[in-house]
Amino acid sequence: MSEPARTTRRTLCATGAAVLLLGCTEPEPDAARSLRAILGSADATAAGFARAEGIREFVFPADHGPHPAYRSEWWYLTAVVSTAHAATQPAPREFGVQFTLFRQGLEARSTDTPIPNKGPEAWRTGQGYMAHVALSDITARRHLSAERFSRGHPELAGVHAEAFRVHLDDWQLASTGDAFSPLRLTVMTDDFSADLSLTATRPAILQGESGLSRKGPDNASYYYSVPRIEARGEIVVGGSSHEVRGLAWMDREWSTSVLGDTYQGWDWFALHLDDGRDLMLFQLRRIDGQTDASNAGSLGDGKVSRTLNAGEFSLTPIEHWRGWPVAWKLVIRGVEPQQYVIRAAIKDQLMDTGVRYWEGVAHVVDNEGRRVGAGYMELTGY
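If you count the sequence shown from 1, position 247 lands on 256 in the working numbering, and the numbers rise without skipping.
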């Protein structure tokens, strides 16, 4: 990296949250408003940006890349891995790994706008980036996290569709060849590092209405998932290295307005069931306490994916930790009703970052108390 880039990067990191919040204003103290500031709301700053308003055709690999015509976008990967396969490990260790890159448009841009790789013009991407990484060390019962900010610049942060790469400094998720999969995730912080090889074993699925995910009566996002990815690699934490294997999940969303003023936040789950099914659920929490018609999910086995609407499932909190609901009763209705408990693997998996939220490993338990799945749970606005 050149010295001018390093100098500018230091300046941007000092004011990273302001860059992403547009206009260098202080975040509002209310949790839901802070989330809307990052993820979008129907206000004047949305002028000039495209909106997710109708069903579109998804085209890959292009849609793995950025959509700068829309204001907000993220690339989100979670993995639950363990050392259970390693014969030399005295007792299995379980870990959760999270990597998220957020893109925030500082000005509306067309995908056709070329950006030079060098010189002053390279700074004119019109984009701000925020990256979050976290490690849940289930056995040690600790959660470690870190975040970074950067203005968009080829040497600092950005996204490429082909060959696929998202990065902020040396935190990176990238294809290892010409195809999208396999991928490699590499992150290193003062507290931990993760180096994972990731191979998608199922195709991307479009969430909602053919990829149009409603977020209330007036808002929506474009949303797809790569729901089942084999993960293997190395985690280093506490001075020890661990060879791990497990399953990962990747989510992609982009939009300009995704959270209206009538909502406090959302609860989201991405779960791998041991019977081979993949389950995604989210519910929007209304200020008036009513069930929202936009609540949705999907349940699939790699061959058939069933869309779940708001009336086909319910999520009821049954245990709290410091105000955060860390255990839920899940009921899936239909021809073959199903009931589970989704419980945080450890209670404290709080992302105490610029935007405060709960994100971490959850276990799925059946009516007889047997673990039948695992994945990630995200809670916002509490």
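Glycine included, each C-beta is placed from N, C-alpha and C at the ideal position.
Because the structure is a prediction, the values reported are computed rather than measured.
### Query
Out of curiosity, what's the CA-to-CA distance linking Gly274 and Leu339?
19 Å
### Query
For Trp83 versus Phe58, is the C-beta distance shorter than 7 Å?
no
### Message
Applying the 10 Å Cβ sphere with the 16-neighbour rule, what's the burial state of Lys312?
### Response
exposed
### Task
Flag this pair as yes or no: are the beta carbons of Trp337 and Ile351 separated by less than 7 Å?
yes
### Query
Can you name the residues that DSSP bridges to Ser81?
Gln113 and Ser264
### Coarse secondary structure for Ala257, derived from DSSP in three states
strand
### Query
Is it right to say Gly137 is buried, meaning 16 or more other beta carbons lie within 10 angstroms of its own, or is it exposed?
buried
### Message
Going by the DSSP bridge assignment, what does Ala149 pair with across the sheet?
### Response
Its beta-bridge partners do not exist; DSSP assigns none.
#### Entry: Glu321 in three-state terms, based on DSSP
helix
### Query
In three-state terms, what does DSSP make of Ala51?
No answer about Ala51 holds up, because its pLDDT of 45 lies below 50 and its placement is not dependable.
### Message
Quick check on this structure: which residue in Asp357, Tyr231, Glu328 and Val245 has the alpha carbon closest to the alpha carbon of Val68?
### Response
Tyr231
#### Entry: Burial state of Val235 (16 or more Cβ within 10 Å)
buried
### Task
Could you tell me whether the Cβ atoms of Met289 and Ser307 are closer together than 7 Å?
yes
### Task
Compare the C-alpha of Val374 against each of Ala143, Asn318 and Tyr349 and name the closest.
Tyr349
#### Entry: Residues that DSSP places opposite Lys338 in a beta bridge
Thr325 and Val350
### Query
The beta strand (DSSP E) with Arg193 in it runs from where to where?
Leu192 to Met197
### Query
Anyone know if the C-beta pair for Leu207 and Leu192 falls short of 7 Å?
yes
### Query
How long is the line joining the alpha carbons of Thr109 and His141, rounded to whole angstroms?
5 Å
#### Entry: Three-state class that DSSP yields for Ala166 in the structure shown
strand
### Message
Less than 7 Å between CB atoms is the rule here; does Arg331 satisfy it with respect to chain B?
### Response
Of the chains in the structure shown, none is chain B; there is only one protein chain.
### Message
Beta-carbon within less than 6 Å of Thr316's beta-carbon, same chain only, minus the 5 sequence neighbours each way: which residues are those?
### Response
Ser307
### Query
Rounded to a whole number of angstroms, what is the C-alpha to C-alpha distance between Thr87 and Phe201?
16 Å
### Query
To the nearest angstrom, how far is it from the Cα of Asp39 to the Cα of Arg65?
Low confidence applies here, because Asp39 scores a pLDDT of 46, under 50, leaving its location unreliable; read the following figure in that light. Approximately 34 Å between the Cα atoms of the pair.
### Query
Which residues bound the beta strand (DSSP E) around Ser234?
Ala229 to Val246
### Task
For Val364, count neighbouring Cβ atoms within 10 angstroms of its own Cβ and tell me buried if that reaches 16, exposed if not.
buried
### Message
According to DSSP, is Glu252 part of a helix, a strand, or is it coil?
### Response
strand
### Task
Thinking Glu321 and Ile341 are a contact (beta carbons under 8 Å), I'd like their distance in whole angstroms, please.
7 Å
### Message
Mapping the DSSP letters down to three states, classify Glu171 as helix, strand or coil.
### Response
coil
### Cα-Cα separation between Asp357 and Leu144, rounded to whole angstroms
12 Å
### Message
Residues in the same chain with beta-carbon distance under 6 Å from Pro334, minus the five sequence neighbours each way, listed in chain order, please.
### Response
Pro326
### Member of Arg241, Ala203 and Thr271 whose CA lies at the smallest distance from the CA of Gly247
Ala203
### Query
For Ala383, does the three-state DSSP call read helix, strand or coil?
strand
### Task
Would you mind working out which of Pro163, Arg254, Val89 and Phe104 sits nearest Trp132, comparing C-alpha positions?
Pro163
### Query
Where does His94 fall in DSSP's three states?
coil
### Task
Since I believe Tyr385 is in contact with Ala371 (beta carbons under 8 Å), could you give me their beta-carbon distance rounded to a whole number of angstroms?
7 Å
### Query
For Asp310, which residues from the same chain have a beta carbon less than 7 Å from its beta carbon, with the 5 sequence-adjacent residues on both sides left out?
Gly285 and Arg286
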